[in-house]
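**Q** Before we start, here is the structure in question, set down as structure tokens.
Numbering (our numbering), first residue to last: 27 to 292.
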């Protein structure tokens, strides 16, 4: 299943980061918008699976967390294997490309900025149109949709109540695992190997309760649409900003910088 040595995987990750940064701004923005939307599908499925399973969350929270994590990677698989861009992924790809001198700092910053903006648009699109307005997760429609809408509101309120320290640390843990998932996908030579390489680290970060900036671009707006006691300032300053900082450290530092030091300095 795996065809590359760790050094070769590092070099392939640098090549991938360089290729992403060299795309036109329009291409990067579109691929990021698609990436945000595809990633959000995993979050939507996870809400339906866990919060539609009766009293599972109250009766067995550990099993509920495992189920949430087990189905969530669908979105990551779709995004990564179709070449869509996710900001956290790009932290672990563009950073080593910069460190080996393959790209310039402004190319990295442009890539990260376009990925972040596109991911936000794609995530909110799915939250608004495909989750809320469709009635799948809508507290105003009654029945199953109302149940899931209340759950979405609770998720959003919980995410903005954790505090900066916890959010930064959870962001670091998240993107450490996410970027390793991307690198494992690079290492595999067939689609089954790529899916397995992606699935387990993504499942782990979700089940552990780590924080992913792009996932929260879906979860928190969806909760706000369903009446969560969360303001835009709460969303941006009490979750998205600290999680983003953590994701940058986890991806660019704990993956990109560490593996550059190990394999990229010669």
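Every residue, glycine too, gets a C-beta built ideally from N, C-alpha and C.
(1) Which term fits residue 27, buried or exposed, when burial requires 16 or more other beta carbons within 10 angstroms of its beta carbon?
(2) Secondary structure at residue 128, three-state DSSP: helix, strand or coil?
(3) Quick one: Cα of residue 9 to Cα of residue 128, how far?
(4) Whole angstroms are fine: how far does the CA of residue 57 sit from the CA of residue 92?
(5) Are the region 130-147 and the region 52-67 touching, with three or more C-beta to C-beta distances below 8 Å?
(6) For the candidate residues 87, 216 and 158, whose alpha-carbon lies nearest to that of residue 173?
(7) Quick one: measure Cβ to Cβ for residue 186 and residue 67, integer angstroms, because I've assumed they're closer than 8 Å.
(8) In three-state DSSP terms, what is residue 63?
(9) Need the endpoints of the alpha helix (DSSP H) that residue 163 sits in, please.
(10) Expressed to the nearest angstrom, what Euclidean distance is found between the alpha-carbon atoms of residue 236 and residue 60?
(11) When we look at the beta-carbon of residue 268 and count the other beta-carbons within 10 Å, is it buried (16 or more) or exposed?
(12) List the endpoints of the continuous alpha helix (DSSP H) containing residue 105.
(13) Tell me whether residue 214 sits in a helix, a strand or coil according to DSSP, three-state version.
(14) Residue range of the alpha helix (DSSP H) that residue 282 falls in?
(15) Closer than 8 Å is the cut-off here; do at least three beta carbon pairs connect the region 77-92 with the region 114-125?
(16) Could I get the ranges of all uninterrupted alpha helix (DSSP H) runs contained in the region 231-259, with 4 residues as the minimum, in chain order?
(17) Rounded to the nearest angstrom, how far is the Cβ of residue 286 from that of residue 126, given a contact under 8 Å?
(18) When the Cα of residue 164 is compared with those of 279, 32, 74 and 134, which residue comes out closest?
(19) Between the beta-carbon of residue 149 and the beta-carbon of residue 243, is there less than 8 Å?
(20) Alpha carbon to alpha carbon, what distance is there between residue 140 and residue 50?
(21) Relative to the C-alpha of residue 199, which candidate in 230, 221 and 182 has its C-alpha closest?
(22) Are residue 121 and residue 283 touching if we call contact CB-CB under 8 Å?
(23) Shortest alpha-carbon distance to residue 83 belongs to which of 290, 227, 180 and 258?
(24) With distances taken Cα to Cα, identify the nearest neighbour of residue 104 among 275, 246, 225 and 247.
**A** Looking at the atomic coordinates:
(1) In the chain shown, counting from the first residue as 1, residue 27 sits at position 1. Legend: pLDDT at residue 27 = 48, less than 50; position of this residue unreliable, value from coordinates given subsequently. Label assigned to residue 27: exposed.
(2) As a working note, residue 128 is residue 102 in the chain shown. The answer is coil: DSSP assigns residue 128 none of H, G, I, E or B.
(3) Coverage of the chain is limited to positions 27 through 292, which leaves residue 9 absent and any answer about it impossible.
(4) Translated into the one-based positions of the chain shown, residue 92 becomes position 66. Translated into the one-based positions of the chain shown, residue 57 becomes position 31. Just so you know, the alpha carbons of residue 92 and residue 57 end up roughly 30 Å apart.
(5) A contact exists between the region 130-147 and the region 52-67.
(6) Taking the chain shown and counting its residues from 1, one reaches residue 173 at position 147. Closest by alpha carbon: 158.
(7) Counting from 1 along the chain shown, the entry for residue 186 is found at position 160. Counting from 1 along the chain shown, the entry for residue 67 is found at position 41. With a contact defined as Cβ atoms closer than 8 Å, residue 186 and residue 67 miss out at about 23 Å.
(8) One-based indexing of the chain shown puts residue 63 at position 37. When secondary structure is reduced to three states using DSSP, residue 63 falls in the helix class.
(9) On the chain shown, residue 163 is found 137 positions in, with the first residue counted as 1. For residue 163, there is no enclosing alpha helix (DSSP H), as DSSP gives it neither H nor E.
(10) Along the chain shown, read from residue 1 onward, the residue named residue 236 stands at position 210. Along the chain shown, read from residue 1 onward, the residue named residue 60 stands at position 34. Going by the C-alpha atoms only, they are around 23 Å apart.
(11) Along the chain shown, one-based indexing puts residue 268 at 242. When all chains shown are included, residue 268 counts as buried.
(12) Taking the chain shown and counting its residues from 1, one reaches residue 105 at position 79. Taken as a continuous stretch (DSSP letters only), the alpha helix (DSSP H) holding residue 105 covers 99-107.
(13) By 1-based counting over the chain shown, the position of residue 214 is 188. Strand, per DSSP.
(14) Working through the chain shown from its first residue, we reach residue 282 at position 256. Looking at the DSSP string, residue 282 is not in any alpha helix (DSSP H), and its letter there is neither H nor E.
(15) Verdict: no, contact absent.
(16) Complete alpha helix (DSSP H) runs here, min 4: 239-251.
(17) The residue labelled residue 286 in the question sits at position 260 within the chain shown. The residue labelled residue 126 in the question sits at position 100 within the chain shown. In this structure, residue 286 and residue 126 form a Cβ contact; the two beta carbons are roughly 7 Å apart against a cut-off of 8 Å.
(18) Within the chain shown, residue 164 is the residue found at index 138, counting from 1. Nearest C-alpha to residue 164: 74.
(19) Numbered from its first residue, the chain shown carries residue 149 at position 123. Numbered from its first residue, the chain shown carries residue 243 at position 217. Pairing residue 149 with residue 243 gives a Cβ-Cβ distance under 8 Å.
(20) Taking the chain shown and counting its residues from 1, the one referred to as residue 50 is at position 24. Taking the chain shown and counting its residues from 1, the one referred to as residue 140 is at position 114. Spanning the two alpha carbons is a distance of roughly 10 Å.
(21) Locating residue 199 in the chain shown gives position 173, where the first residue counts as 1. Out of 230, 221 and 182, 230 has the C-alpha closest to the C-alpha of residue 199.
(22) Translated into positions along the chain shown, residue 121 becomes position 95. Translated into positions along the chain shown, residue 283 becomes position 257. Taking a C-beta distance under 8 Å as the contact criterion, residue 121 and residue 283 qualify as a contact pair.
(23) Here the question's residue 83 lines up with position 57 in the chain shown. The shortest Cα separation from residue 83 among 290, 227, 180 and 258 belongs to 180.
(24) What you label residue 104 is simply residue 78 of the chain shown in a count that begins at 1. Selection 275, 246, 225 and 247 evaluated against residue 104 yields 225 as nearest (Cα-Cα).
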